[in-house]
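Worksheet: the structure to be examined is printed underneath.
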Amino acid sequence: MRYLFWIMLALGAGPAAASLLDQLATDPHARSVLDAHHIPCQSTGEVSVAIGELVRLFSHSNLVDHIQSEYARQLPAGERPEFVVKPDGSNRWHYVNKSGHRSEIHELARASDARAGVVEVIYYSRGRRFFGDFRALIHVRIVGDGSGASRYTAAVWAYPESALPRFFARHLGLVESFFRDKTRELTELSVRICDGLVATPRAS
Numbered sequence: 022m023r024y025l026f027w028i029m030l031a032l033g034a035g036p037a038a039a040s041l042l043d044q045l046a047t048d049p050h051a052r053s054v055l056d057a058h059h060i061p062c063q064s065t066g067e068v069s070v071a072i073g074e075l076v077r078l079f080s081h082s083n084l085v086d087h088i089q090s091e092y093a094r095q096l097p098a099g100e101r102p103e104f105v106v107k108p109d110g111s112n113r114w115h116y117v118n119k120s121g122h123r124s125e126i127h128e129l130a131r132a133s134d135a136r137a138g139v140v141e142v143i144y145y146s147r148g149r150r151f152f153g154d155f156r157a158l159i160h161v162r163i164v165g166d167g168s169g170a171s172r173y174t175a176a177v178w179a180y181p182e183s184a185l186p187r188f189f190a191r192h193l194g195l196v197e198s199f200f201r202d203k204t205r206e207l208t209e210l211s212v213r214i215c216d217g218l219v220a221t222p223r224a225s
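Counting from 22, one number per residue, gives the positions in the sequence shown under this note's numbering.
Right under this line is the structure:
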């Protein structure tokens with residue numbers, strides 16, 4: 022439970038967020054990361070999109086499909102996405118990157134409230150990279166600022182399963198830098214995709 026308290030404190034989570042974050046206390050996927058010697062990463066920023074639009078966007082049942090389509094649309098002419106995310110059942114997906122590494126994504130929780138001005142989503146991921154297998158927990162919280170823009174906080178807790186990468190993360194910072202760089206890159210990409218999705222509405 023001390024990890025849950027730390028998460029809520031770090032994200033500035035108020036009453037509207039507590040119920041969603043409370044689910045991490047008992048979810049086995051979340052606990053497998055939070056109870057381990059994980060690497061914390063965080064990114065914050067702003068999108069020029071009103072919270073009402075984001076609530077509409079996050080309410081789509083096929084949100085992942087919309088994200089993939091918008092990502093492909095924003096690529097330079099003739100360039101294709103590095104990988105395609107494929108469904109594996111309810112709230113589960115997988116993809117294989119250009120290096121042949123497979124990753125799974127599980128949506129653990131999603132909530133949006135236009136009246137409270139908050140959108141949240143929590144994902145669990147596991148896969149393999151150059152340093153071996155890993156598990157990760159991702160929490161995104163977006164809050165409207167009342168002026169037509171919204172502030173976001175993206176937090177990632179990553180756990181390399183092999184002891185050697187954890188040694189590098191603690192003493193050399195190589196694996197830690199990888200996850201922090203990826204958090205920043207994916208956050209910047211997500212902002213661009215979000216802007217594009219709002220500018221070009223799609224059916225639910």
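From the three backbone atoms N, C-alpha and C, an ideal C-beta is built for every residue, glycine too. In this text, all values refer to a predicted model and were calculated from it rather than measured experimentally.
Using DSSP bridges, identify the partner residues of residue i.
i, result
"T47", "According to DSSP, T47 bridges with nothing at all."
"R123", "V117"
"T65", "T174"
"P181", "F155"
"R131", "V142"
"I60", "A179"
Can you tell me which of the options puts its alpha carbon nearest to the alpha carbon of residue i?
i, options, result
"Y144", "S90, A71, A130", "A130"
"P61", "A137, G110, W114, A175", "A175"
"L158", "R136, R52, K107", "R52"
"T204", "H160, G167, A220, C215", "H160"
"H50", "S111, S80, I126", "I126"
"Y173", "A179, G167, R162", "R162"
"F152", "S133, G167, S120", "S120"
"R156", "D43, W178, N112", "W178"
"H58", "L210, E206, E197, A220", "E197"
"V106", "D134, L84, P97", "L84"
"D235", "S111, V140, E206, E128", "The first residue shown for the chain is 22 and the last is 225, placing residue 235 beyond what the model contains."
"F199", "R150, P97, S111", "R150"
Could you name the residues of the same chain whose beta carbon sits closer than 6 Å to that of residue i, not counting the 5 residues immediately before and after it, in chain order?
i, result
"T208", "S64, A175"
"I72", "G138, G165, S171"
"V68", "S171, V212, C215"
"G169", "A71"
"R8", "What is shown of the chain runs 22 to 225, which leaves residue 8 out entirely."
Excluding the 5 residues flanking residue i on each side, which residues of the same chain have their C-beta closer than 8 Å to its C-beta?
i, result
"G86", "First, the amino acid is wrong: residue 86 is Asp here, not Gly. Excluding positions up to five away in sequence, the list is empty."
"A93", "R101, P102"
"D154", "R147, G148, P181, E182, S183"
"L218", "L78, H87, I88, E91"
"Q95", "R213, I214, G217"
"D109", "H115, E125"
"V76", "S133, D134, A135, V140"
"L210", "Y92"
"R113", "E125, I126, H127, E128"
"G66", "R172, Y173, T208, V212"
"S111", "none"
Report all residues from its chain with a CB closer than 7 Å to the CB of residue i; omit the five preceding and five following residues, and keep chain order.
i, result
"V117", "F104, R123"
"E74", "V219"
"S80", "S133"
"G167", "none"
Output the residue ranges of the beta strand (DSSP E) runs that lie fully inside the region 133 to 167 and measure 3 residues or longer, sorted by chain position. 139 to 150, 153 to 165
Going along the chain, which unbroken runs of the alpha helix (DSSP H) with 4 or more residues stay wholly within the region 62 to 110? 72 to 79, 84 to 95
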